[in-house]
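Undergrad: One structure follows; several queries about it will come next.
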Amino acid sequence: MSIKSNSDAVSYAKVINSKTAADTADRIEWVKVSLAFLPLATPVSDAKVLTGRQKPLTEVAIIFAEIRSRDGYEGIGFSYSKRAGGPGIYAHAKELADNLLGEDPNDIDKIYTKLLWAGASVGRSGMTVQAISPFDVALWDMKAKRAKLPLAKLLGAHRDSVQCYNTSGGFLHTPLDQVIKNVAISRESGIGGIKIKVGQPNTAEDIRRLTAVRKELGDDFPLMVDANQQWDRETAIRMGRKMEEFNLVWIEEPLDAYDIEGHAALTASLDTPIATGEMLTSYREHEQLILGNASDFVQPDAPRVGGITPFLQIMALAHKHGRKLAPHFAMEIHLHLAATYPQEPWLEHFEWLNPLFNEQLELKDGRMWVSDRLGLGFTLSEQALAWTVDKCEFGKKP
Ligand SMILES: [Mg+2]
Numbered sequence: 007m008s009i010k011s012n013s014d015a016v017s018y019a020k021v022i023n024s025k026t027a028a029d030t031a032d033r034i035e036w037v038k039v040s041l042a043f044l045p046l047a048t049p050v051s052d053a054k055v056l057t058g059r060q061k062p063l064t065e066v067a068i069i070f071a072e073i074r075s076r077d078g079y080e081g082i083g084f085s086y087s088k089r090a091g092g093p094g095i096y097a098h099a100k101e102l103a104d105n106l107l108g109e110d111p112n113d114i115d116k117i118y119t120k121l122l123w124a125g126a127s128v129g130r131s132g133m134t135v136q137a138i139s140p141f142d143v144a145l146w147d148m149k150a151k152r153a154k155l156p157l158a159k160l161l162g163a164h165r166d167s168v169q170c171y172n173t174s175g176g177f178l179h180t181p182l183d184q185v186i187k188n189v190a191i192s193r194e195s196g197i198g199g200i201k202i203k204v205g206q207p208n209t210a211e212d213i214r215r216l217t218a219v220r221k222e223l224g225d226d227f228p229l230m231v232d233a234n235q236q237w238d239r240e241t242a243i244r245m246g247r248k249m250e251e252f253n254l255v256w257i258e259e260p261l262d263a264y265d266i267e268g269h270a271a272l273t274a275s276l277d278t279p280i281a282t283g284e285m286l287t288s289y290r291e292h293e294q295l296i297l298g299n300a301s302d303f304v305q306p307d308a309p310r311v312g313g314i315t316p317f318l319q320i321m322a323l324a325h326k327h328g329r330k331l332a333p334h335f336a337m338e339i340h341l342h343l344a345a346t347y348p349q350e351p352w353l354e355h356f357e358w359l360n361p362l363f364n365e366q367l368e369l370k371d372g373r374m375w376v377s378d379r380l381g382l383g384f385t386l387s388e389q390a391l392a393w394t395v396d397k398c399e400f401g402k403k404p
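Printed below as a string of structure tokens:
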């Protein structure tokens with residue numbers, strides 16, 4: 007626009023003096039953090055229990071964050087811990103919560119950085135960032151609701167549904183005949199793949215169960231195994247070679263989660279793809295895994311790595327290096343994130359968290375479908391409140 011006279015200059019000044027983004031920014035006015043324990047119907051065992059490293063899992067600790075803004079928007083997020091750690095995450099989240107008050111909830115990365123530095127003395131991975139996860143997830147939920155979009159659409163989806171496999175029916179505490187029944191139930195419900203646990207001290211027993219499940223499913227139905235880090239390098243290569251004939255989608259966590267060299271050697275040696283990454287607790291740890299060529303599939307977990315913000319960074323790096331994606335657990339969050347990954351990913355189906363929410367995801371034709379509900383698309387159920395053992399509020403509820 008050219009300015010030809012004094013009066014033109016005045017009207018131009020009026021245009022550029024309209025309100026700025028700072029003038030209309032929303033503000034966080036209220037934050038609630040709560041701790042709930044979700045009981046499991048049956049104690050659950052994977053290979054870590056059979057090798058004596060862990061006790062059977064009887065409950066999952068859930069750390070919720072609820073955030074409200076001055077303009078009336080709300081976000082809900084959660085983190086979790088299996089076995090120990092939940093109360094510690096909750097305690098640190100309470101320490102961090104008042105850092106959110108007064109911030110513009112749209113400035114998620116700025117808030118993330120603030121929370122990260124608030125707890126930097128105790129590190130930038132593990133429980134420190136897992137205490138940030140509920141807030142970060144809630145802020146993304148709120149941002150999508152503000153935009154009147156499902157989160158997958160806010161981020162930009164490559165697909166409306168994600169192929170989905172079940173894990174919960176194939177744990178090691180479950181007798182083989184019941185595993186076979188669970189497989190049939192899962193298929194009838196529309197599941198797209200089945201994963202069973204392996205990694206027992208008796209490797210012949212792993213092969214026996216795998217043989218029976220493959221026979222039940224037929225040669226081509228997608229099937230994965232998960233050793234939960236319990237093999238040494240020698241056992242992993244030997245079992246990996248034996249399992250080549252089973253046409254597996256992947257072998258998961260064959261080795262210790264931090265054995266990048268071992269995973270890289272295995273990935274290079276076997277035709278069957280290797281999957282790992284669920285135990286890693288930061289972007290930096292995933293960066294080492296990806297740059298170390300340690301797996302074919304990366305399996306980040308948004309609550310575990312510190313929320314959606316670092317998860318997006320992990321996805322970008324994984325895609326750049328040609329990895330496939332199979333997020334771990336928390337399908338309520340990961341469905342939206344996996345829907346945005348350029349390469350076809352796999353979503354892990356666990357029904358464990360269903361009672362926490364009033365809404366359920368739709369499984370059809372082997373895939374989990376993104377609903378048209380806004381944000382993550384969930385509200386907390388009465389049951390979630392009933393399982394809540396402690397809560398803490400910050401600021402004034404708008
Ligand atoms: Mg696993």
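Sequential numbering from 7 applies to the sequence shown in my numbering. From the three backbone atoms N, C-alpha and C, an ideal C-beta is built for every residue, glycine too.
#1: Taking buried to mean at least 16 other C-beta atoms within 10 Å of its own C-beta, is residue 240 buried or exposed?
#2: May I ask you to report which of helix, strand or coil DSSP gives residue 256?
#3: Count the other CB atoms within 10 Å of the CB of residue 8; is the residue buried (16 or more) or exposed (fewer)?
#4: At which residue ranges does the segment 335 to 399 contain complete alpha helix (DSSP H) runs of 4 or more residues, listed in the order of the chain?
#5: Under three-state DSSP, which class holds residue 138?
#6: Is the distance from the Cβ of residue 287 to the Cβ of residue 192 below 9 Å?
#7: What number of angstroms, rounded off, separates the C-alpha of residue 35 from the C-alpha of residue 129?
#8: Kindly give me the distance between the Cβ atoms of residue 86 and residue 67, rounded to whole angstroms, as I take these residues to be in contact under 8 Å.
#9: Spatial neighbours of residue 46 within its chain, please: C-beta separation below 8 Å, excluding the five flanking residues on both sides.
#10: Please say whether residue 257 and residue 246 have beta carbons closer to each other than 9 Å?
#11: I'd like to check one pair, residue 95 with residue 145: are the Cβ atoms closer than 9 Å?
#12: For ligand 1, is there a heavy atom less than 8 Å away from the beta-carbon of residue 305?
#13: Spell out a yes or no on whether the segment 368 to 379 and the segment 134 to 143 are touching, meaning 3 or more CB-CB pairs, one atom from each, closer than 8 Å.
#14: CB-CB under 7 Å to residue 254, same chain, minus the five flanking residues each way: which ones, in chain order?
#15: Would you list the residues sitting across from residue 72 in a DSSP beta bridge?
#16: Spell out the partners DSSP gives residue 65 in its beta bridges.
#17: Specify, as a first and last residue, the run of the beta strand (DSSP E) that residue 203 falls within.
#18: Thinking just about the alpha-carbon of each residue, which of 174, 307, 180, 112 is nearest to the one in residue 332?
#19: Does ligand 1 have a heavy atom nearer than 8 Å to the CB of residue 1?
#20: With a threshold of 8 Å (Cβ to nearest heavy atom), would residue 173 be considered close to ligand 3?
#21: Please report the straight-line C-alpha distance between residue 340 and residue 55, rounded to a whole angstrom.
#22: On the three-pair Cβ rule with 8 Å, is the segment 106 to 125 touching the segment 146 to 153?
#23: Taking Cβ positions, are residue 234 and residue 90 nearer each other than 9 Å?
#24: Quick test of your reading: residue 352 and residue 199, contact by CB under 8 Å. State the CB separation rounded to the nearest angstrom.
TA: Working from what's here:
#1: Residue mapping note: residue 240 aligns to position 234 of the sequence shown, counting from 1. When all chains shown are included, residue 240 counts as exposed.
#2: Mapped onto the sequence shown, residue 256 falls at position 250. Residue 256 falls in the strand class under three-state DSSP.
#3: Along the sequence shown, one-based indexing puts residue 8 at 2. Residue placement at residue 8 cannot be trusted, given a pLDDT of 49 that sits under 50; the coordinates are not used to answer.
#4: 337 to 344, 388 to 392
#5: The count along the sequence shown starts at 1 and reaches residue 138 at position 132. In the structure shown, residue 138 sits in coil (DSSP, three-state: anything other than H, G, I, E or B).
#6: By 1-based counting over the sequence shown, the position of residue 287 is 281. By 1-based counting over the sequence shown, the position of residue 192 is 186. Taking 9 Å as the Cβ cut-off, residue 287 and residue 192 do not qualify as a contacting pair.
#7: As a working mapping, residue 35 is identified with position 29 in the sequence shown. As a working mapping, residue 129 is identified with position 123 in the sequence shown. Going by the C-alpha atoms only, they are around 28 Å apart.
#8: Position 80 of the sequence shown, counting from 1, holds the residue named residue 86. Position 61 of the sequence shown, counting from 1, holds the residue named residue 67. Confirmed, Cβ separation roughly 6 Å.
#9: To locate residue 46, count along the sequence shown from 1; it is residue 40. Excluding positions up to five away in sequence, the list reads 63, 64, 65, 66, 358.
#10: Numbered from its first residue, the sequence shown carries residue 246 at position 240. Numbered from its first residue, the sequence shown carries residue 257 at position 251. Yes, Cβ-Cβ distance for residue 246 and residue 257 is below 9 Å.
#11: In the sequence shown, the residue the question calls residue 145 occupies position 139. In the sequence shown, the residue the question calls residue 95 occupies position 89. Taking 9 Å as the Cβ cut-off, residue 145 and residue 95 do not qualify as a contacting pair.
#12: Residue numbering aside, residue 305 sits at position 299 when the sequence shown is read from its first letter. Checking every heavy atom of ligand 1 against the Cβ of residue 305, one is found closer than 8 Å.
#13: no
#14: For this step, residue 254 is matched to residue 248 along the sequence shown. Closer than 7 Å at the Cβ level, and outside the excluded window around residue 254, lie 229, 230, 231, 278.
#15: The count along the sequence shown starts at 1 and reaches residue 72 at position 66. Residue 72 pairs with 38, 82.
#16: Residue mapping note: residue 65 aligns to position 59 of the sequence shown, counting from 1. DSSP lists 45 as partners of residue 65.
#17: By 1-based counting over the sequence shown, the position of residue 203 is 197. From DSSP, the beta strand (DSSP E) with residue 203 extends over 199 to 203.
#18: The residue you call residue 332 lines up with position 326 of the sequence shown. Minimum Cα distance to residue 332 is reached at 307.
#19: What is shown of the chain runs 7 to 404, which leaves residue 1 out entirely.
#20: For the structure depicted, ligand 3 is absent and the ligand set comprises only ligand 1.
#21: The residue labelled residue 340 in the question sits at position 334 within the sequence shown. The residue labelled residue 55 in the question sits at position 49 within the sequence shown. When rounded, the distance between both Cα atoms is 26 Å.
#22: yes
#23: In the sequence shown, residue 234 corresponds to position 228, counting from 1. In the sequence shown, residue 90 corresponds to position 84, counting from 1. No, the pair does not count as a contact, with Cβ atoms beyond the cut-off.
#24: Within the sequence shown, residue 352 is the residue found at index 346, counting from 1. Within the sequence shown, residue 199 is the residue found at index 193, counting from 1. About 7 Å separates the two Cβ atoms, so the contact holds.
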